[in-house]
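Numbering (our numbering), first residue to last: -17 to 167. Glycine is no exception: its CB is placed at the ideal position from the N, C-alpha and C atoms. As the structure is a computational prediction, the values presented were derived from the model and not from experiment. Comments concern the structure below.
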Ligand code: HEC
């Protein structure tokens, strides 16, 4: 009886093993949630919001995937932080062809956009995008942009193949990461 009641080495080990298991599980689940968020982010970027139409697949801007669409800014080199990017995505950029993606943006009683009402912004109010994004999509899009677009420097072949597919024809024009590093010396 005494043996069963005493905190045995065995039960301590079992407790310890449960802690380790829980910690590893938490890390695996968090990592998986992040990659799921990145995949929602990419789907939002290239699918639902179609940012590449004006900003190119890579975010480089200039002539995008649709050469008749407005030429978007270079998002790889943007100096905006996450909060500023979020506001631009939700509200568009007043006076430019950057459209707004939030259903609530520029509604008359809403002061969320650059501190202005629709009336105050007047004819600077940007166009409405073809599709609205919900907050979860915008959060995932921002995660994606900070992981894969903003501050990434020269586009590498590897980056292009990750976006399209390994060996993709259209990625041949980019230097490999090794070539870029060698040229940077
Ligand atoms: C219809 C074309 C169009 C679409 C679609 C579009 N943009 Fe833009 N975007 C622009 C243009 C044009 C500008 C440049 C505005 C200016 O400064 O003249 C711009 C500017 C921006 C800027 C400001 C960057 C800076 O540093 O000044 C951000 C951020 C941005 N776009 C993000 C996005 C994201 C994210 C998406 C997809 C959700 C998107 N845009 C979709 C046209 C577009």
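query	result
Through-space distance from residue -4 to residue -17, alpha-carbon basis	Note that residue -17 has pLDDT 49, beneath the 50 cutoff, so the model's placement of it is unreliable and no number is given.
Residue 82 - partner residues in DSSP beta bridges	110
Meets three-Cβ-pair contact criterion under 8 Å: the segment 119 to 137 and the segment 89 to 103	no
Reduced DSSP secondary structure (H/G/I, E/B, other) of residue 62	coil
According to DSSP, residues forming a beta bridge with residue 95	98
Simplified DSSP assignment, three categories, for residue 7	helix
Residue 3 classed as buried or exposed, judged by whether at least 16 other C-beta atoms fall within 10 angstroms	exposed
Nonlocal neighbours in the same chain, by C-beta distance under 8 Å from residue 163, ignoring five residues either side	none
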